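Below is one structure, written out as structure tokens; the observations come after it.
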Ligand SMILES: Cc1cc2nc3c(=O)[nH]c(=O)nc-3n(C[C@H](O)[C@H](O)[C@H](O)COP(=O)(O)OP(=O)(O)OC[C@H]3O[C@@H](n4cnc5c(N)ncnc54)[C@H](O)[C@@H]3O)c2cc1C
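Numbering (the numbering used here), first residue to last: 4 to 663.
Structure representation (structure tokens):
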């Protein structure tokens, strides 16, 4: 067979021509000085907008999940006018509401040796040394403020007997620093942020646009000045002008079709911004979460997470004998392999997600898996129930156990849960500098939508921390620095740039409706997802990635020739909404594979099968890949251009990650 013509990435001309470590081509604007002082120094050096002038500025906030709600409320509280958009009927339905297990903070309430530096260290190491040290340190510094802010809002975090906030442990840490509200932490945090947002809506400082989907960003004189949206009820396309635009639009794990994300999660906002010039960083870094309810059949359109918090008390095991079909209760202790405890005695069941996921896959691939298709491992609470009593287990995890029971028909108080890894989070996203600004001036990206502080693997309970740090504490400072200095010309919706983008959007919608083919949008999405899971999922290799890169453009071509989008534009039309999102996934997936192909090392959530240690752990190549890969869109059918931000590890020294 002839080898596929895969576009090799073009390397930015002023960068190195070989993939060796050298001068960066991207300036992250990290402040000078010791890491502990960078954020404070920066806050002092940033320009301020006079309180009386803040009301002259309008900020467009796309997204009202935890990142968007917290940012919109905080900016409005400061005096800015905010226009906030989401595609759900209420901010309360953002995907953030699904977050279960908790949120990290270096409060050291347990007196177990935690501090800001340890959280910083754990996060850099957990991310397999592919994150920006200065951002991670700031995140750890702000973590305590987030808890204080949320408690002040009335978020009902779990408390222990003395009344102090309770904590539990999450993977990749040997301290207990995860604050939680049963298995509904995201819901409670979102209600807190939503209250703050509602107050500002009531005061007229935030104008909320629910059921409104942003379909493009508009640049005037190279600056982000607004967005073009579609009203999802009437189909009307309109423009909104602002002085800065913030994307808080969440992650793109649904490129894989099956994931733990809410069905609506999509990449359109960031992908459209990418096409207008925002660099897309580390698109291939996907988090595969080890504890999800296994896929049960082809009918499925969604996967369900069982929170990592369960690994505090649940023990992971498989039968020692391959193909053992006995009932788990009939398998004696001596015939069970608690493989995480055996392989990683220091961290045991609480190894980071990438490590636990790979271990589960490896053991199932070797024939030891349990349940249908042998694609599952046990997560067993029998010991914890004996030690703590069923009541304590119910108090900690009751809602998760109920959810498991309802979905599988098995009672996890009586039989071990069966779990398997699934797509959960995307560490990649739009590249941002230390101020959270993308490569388009005036376009900020926060929460899961940016390429984030998590490097190649996110530690559990740190997405909520990052989204809320961005929204409550970072963006409100840094956006002012931009507004105070930017030269912004007066524009309105009639400006030629807006008219042009509106026209593009209308054209795209009409084109999708006009195809009138034979295949459903979902069938394309499902095929793309399977292709991505098989070739750019838990394990990737050159051959598989090249195959995927050959198939994706073919699938895209078929989509534009044969997709069936039923209904019309001027009505509620989920088929049309999905078609636009799948069209964007069909482009983004290609970039994910190009990124995965070029990174011939393994790191965190990116496991290149060609690059592993003799024990099967991820083997990094720091000499050649210690950088953020930020891709520039060069046009369809053109090679994306690779820009690199070199990563320096001044404080947490590069080492092979070990959790043994
Ligand atoms: C099941 C599950 C459990 C999790 N549990 C935890 C946990 O315990 N701890 C933890 O730290 N993390 C957890 N996470 C991860 C965490 O929940 C997410 O990373 C985080 O909530 C993302 O927040 P966000 O504000 O960035 O995005 P989201 O909450 O996804 O919000 C995105 C917003 O953008 C809007 N939007 C998107 N595109 C458009 C568009 N084109 N136009 C208009 N609006 C748009 C949406 O309407 C929404 O308002 C979990 C994730 C899952 C899937």
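Even for Gly, the Cβ is constructed at its ideal location relative to N, Cα and C.
This structure is a prediction, so every number in the text was calculated from the model and none was measured.
Subject >> residue 536, enclosing beta strand (DSSP E) - first and last residue >> reply: Within the chain shown, the letter at position 533 stands for residue 536. Element bounds for residue 536: not the beta strand (DSSP E) but the alpha helix (DSSP H), 524-539.
**OP:** Name, in chain order, the residues that DSSP records as bridge partners for residue 243.
**Re:** Taking the first residue of the chain shown as position 1, residue 243 is located at position 240. Note: residue 243 sits in a beta bridge opposite 230.
Original post:
Can at least three beta-carbon pairs, one atom from the region 475-487 and one from the region 142-150, be found at a separation below 8 Å?
Top reply: yes
Original post:
Would you say residue 72 faces chain B, with C-beta separation under 8 Å as the test?
Top reply: In the structure shown, chain B cannot be found, because there is only a single protein chain.
Subject >> Option nearest residue 207 by Cα separation, candidates 85, 385 and 496 >> reply: As a working mapping, residue 207 is identified with position 204 in the chain shown. Answer by Cα proximity: 85.
Original post:
Is the beta carbon of residue 595 within less than 7 Å of some heavy atom of ligand 1?
Top reply: In the chain shown, counting from the first residue as 1, residue 595 sits at position 592. Because no heavy atom of ligand 1 lies under 7 Å away, the Cβ of residue 595 does not count as near it: no.
Original post:
alpha helix (DSSP H) containing residue 665: first to last residue?
Top reply: This structure leaves residue 665 out entirely; the chain is present only between 4 and 663.
Original post:
Do residue 182 and ligand 1 come close, with the Cβ less than 7 Å from some heavy atom?
Top reply: As a position in the chain shown, residue 182 is number 179, starting the count at 1. Because no heavy atom of ligand 1 lies under 7 Å away, the Cβ of residue 182 does not count as near it: no.
Original post:
Identify the residues that DSSP records as bridge partners of residue 322: which are they?
Top reply: For the purposes of this step, residue 322 is taken as the residue at position 319 of the chain shown. In the DSSP output, where bridge partners are listed per residue, residue 322 has 339.
**OP:** Count the other C-beta atoms from every protein chain shown that fall within 10 angstroms of the C-beta of residue 191, then say buried if there are 16 or more, exposed otherwise.
**Re:** As a first step, residue 191 must be located in the chain shown, where it is residue number 188. A buried status is given to residue 191, since no fewer than 16 other beta-carbon atoms sit within 10 Å of its beta-carbon.
**OP:** Give a single yes or no on whether residue 139 has its beta carbon closer than 7 Å to a heavy atom of ligand 1.
**Re:** Sequence index remark: in the chain shown, residue 139 carries index 136 (1-based). Checking the Cβ of residue 139 against ligand 1 gives no.
Original post:
Quick one, are the C-beta atoms of residue 360 and residue 541 less than 8 Å apart?
Top reply: Looking up residue 360 in the chain shown gives position 357. Looking up residue 541 in the chain shown gives position 538. The Cβ-Cβ distance between residue 360 and residue 541 falls below 8 Å.
Subject >> residue 222 versus residue 382: straight-line alpha-carbon distance, rounded >> reply: Taking the chain shown and counting its residues from 1, the one referred to as residue 222 is at position 219. Taking the chain shown and counting its residues from 1, the one referred to as residue 382 is at position 379. Taking the straight line joining both Cα atoms gives about 50 Å.
Original post:
If we ignore side chains and look at the alpha-carbon of each, how far apart do residue 502 and residue 233 end up?
Top reply: Counting from 1 along the chain shown, the entry for residue 502 is found at position 499. Counting from 1 along the chain shown, the entry for residue 233 is found at position 230. Looking at the two C-alpha atoms, the distance is approximately 14 Å.
Original post:
residue 274 lies in the alpha helix (DSSP H); which residues open and close that run?
Top reply: Residue mapping note: residue 274 aligns to position 271 of the chain shown, counting from 1. Annotation for residue 274: the continuous alpha helix (DSSP H) segment containing it runs 271-278.
**OP:** Check whether the Cβ of residue 268 sits closer than 7 Å to any heavy atom of ligand 1, and report yes or no.
**Re:** Working through the chain shown from its first residue, we reach residue 268 at position 265. Correct: residue 268 has its Cβ closer than 7 Å to ligand 1.
Subject >> Residues of its chain near residue 272, where Cβ-Cβ distance is below 6 Å and the 5 sequence neighbours each way are ignored >> reply: Walking along the chain shown from the start, residue 272 turns up at place 269. Closer than 6 Å at the Cβ level, and outside the excluded window around residue 272, lie 65, 217, 250 and 252.
**OP:** Please list the segments of the alpha helix (DSSP H) lying wholly inside the region 477-528, counting only runs of 4 or more residues, in order along the chain.
**Re:** Counting only runs of 4+ residues, the alpha helix (DSSP H) found wholly inside the region 477-528 occupies 478-488 and 499-518, in chain order.
**OP:** Give the single residue among 565, 482 and 524 whose Cα lies nearest to the Cα of residue 435.
**Re:** Position 432 of the chain shown, counting from 1, holds the residue named residue 435. Answer by Cα proximity: 482.
**OP:** For residue 61, I'd like the list of residues in its chain whose CB is within less than 8 Å of its CB, leaving aside the five on either flank, ordered along the chain.
**Re:** What you label residue 61 is simply residue 58 of the chain shown in a count that begins at 1. Contacts found: 83, 84, 85, 86, 244, 245 and 246.
**OP:** Measure the alpha-carbon distance for residue 391 versus residue 318 and round it to whole angstroms.
**Re:** As a first step, residue 391 is located in the chain shown; it is residue number 388 there, counting from the start. As a first step, residue 318 is located in the chain shown; it is residue number 315 there, counting from the start. Between residue 391 and residue 318, the C-alpha separation is close to 14 Å.
**OP:** Could you tell me the boundaries of the beta strand (DSSP E) in which residue 634 lies?
**Re:** Numbered from 1 along the chain shown, position 631 holds the residue referred to as residue 634. Residue 634 -> beta strand (DSSP E) spans 630-635.
Original post:
Measuring CA to CA, which of 268, 157 and 254 is closest to residue 287?
Top reply: Here residue 287 corresponds to residue number 284 of the chain shown, with the count starting at 1. Looking at the Cα atoms, 254 is the closest of the given residues.
Original post:
If you run the structure through DSSP and keep just helix, strand and coil, what is residue 473?
Top reply: By one-based count along the chain shown, residue 473 stands at place 470. Helix, per DSSP.
Original post:
Among residues of its own chain, excluding the 5 on either side of residue 102, which ones have a beta-carbon nearer than 6 Å to its beta-carbon?
Top reply: Residue 102 sits at position 99 when you count from the first residue of the chain shown. Correct list, in chain order: 188, 189 and 467.
Subject >> Whole-angstrom C-beta distance between residue 548 and residue 220, which should lie under 8 Å >> reply: As a first step, residue 220 must be located in the chain shown, where it is residue number 217. As a first step, residue 548 must be located in the chain shown, where it is residue number 545. That belief does not hold up - the Cβ atoms of residue 220 and residue 548 are roughly 30 Å apart, past 8 Å.
Subject >> Backbone CA spacing between residue 336 and residue 132 [nearest angstrom] >> reply: Along the chain shown, one-based indexing puts residue 336 at 333. Along the chain shown, one-based indexing puts residue 132 at 129. Using only the alpha carbons, I get a separation of about 38 Å.
Original post:
Looking only at C-alpha atoms, which of 156, 168 and 72 sits nearest to residue 114?
Top reply: One-based indexing of the chain shown puts residue 114 at position 111. Of the candidates 156, 168 and 72, the one whose C-alpha sits nearest the C-alpha of residue 114 is 168.
Original post:
Within 7 Å: the Cβ of residue 635 and any heavy atom of ligand 1?
Top reply: Residue 635 sits at position 632 when you count from the first residue of the chain shown. No, Cβ of residue 635 sits at least 7 Å from all heavy atoms of ligand 1.
Original post:
What residues in its chain sit with their C-beta under 8 Å from that of residue 27, if we drop five residues either side in the sequence?
Top reply: Position 24 of the chain shown holds residue 27. Note that residue 27 has pLDDT 44, beneath the 50 cutoff, so the model's placement of it is unreliable and the number below is only indicative. Only 630, 647, 648 and 649 meet the Cβ criterion.
Original post:
Considering only the beta carbon of each residue, do residue 622 and residue 632 sit closer than 8 Å?
Top reply: The residue you call residue 622 lines up with position 619 of the chain shown. The residue you call residue 632 lines up with position 629 of the chain shown. For residue 622 and residue 632, no; Cβs fall outside 8 Å.
Original post:
Using the C-alpha atoms, what's the distance from residue 642 back to residue 393?
Top reply: Here residue 393 refers to the residue found at position 390 of the chain shown. Here residue 642 refers to the residue found at position 639 of the chain shown. Taking the straight line joining both Cα atoms gives about 57 Å.
Original post:
Relative to ligand 1, is the shortest distance from any of its heavy atoms to the C-beta of residue 91 smaller than 7 Å?
Top reply: Numbered from its first residue, the chain shown carries residue 91 at position 88. Yes, the beta carbon of residue 91 sits closer than 7 Å to at least one heavy atom of ligand 1.
Original post:
Whose C-alpha, out of 111, 411, 366 and 580, is nearest the C-alpha of residue 182?
Top reply: For the purposes of this step, residue 182 is taken as residue 179 along the chain shown, with counting starting at 1. Taking residue 182 as reference, the option from 111, 411, 366 and 580 with the minimal CA-CA separation is 111.
**OP:** For residue 140, collect the residues of the same chain with a Cβ closer than 6 Å to its Cβ; drop the 5 residues on either side in sequence, then sort them by chain order.
**Re:** In the chain shown, residue 140 corresponds to position 137, counting from 1. So the list reads 38 and 123, once near-sequence residues are dropped.
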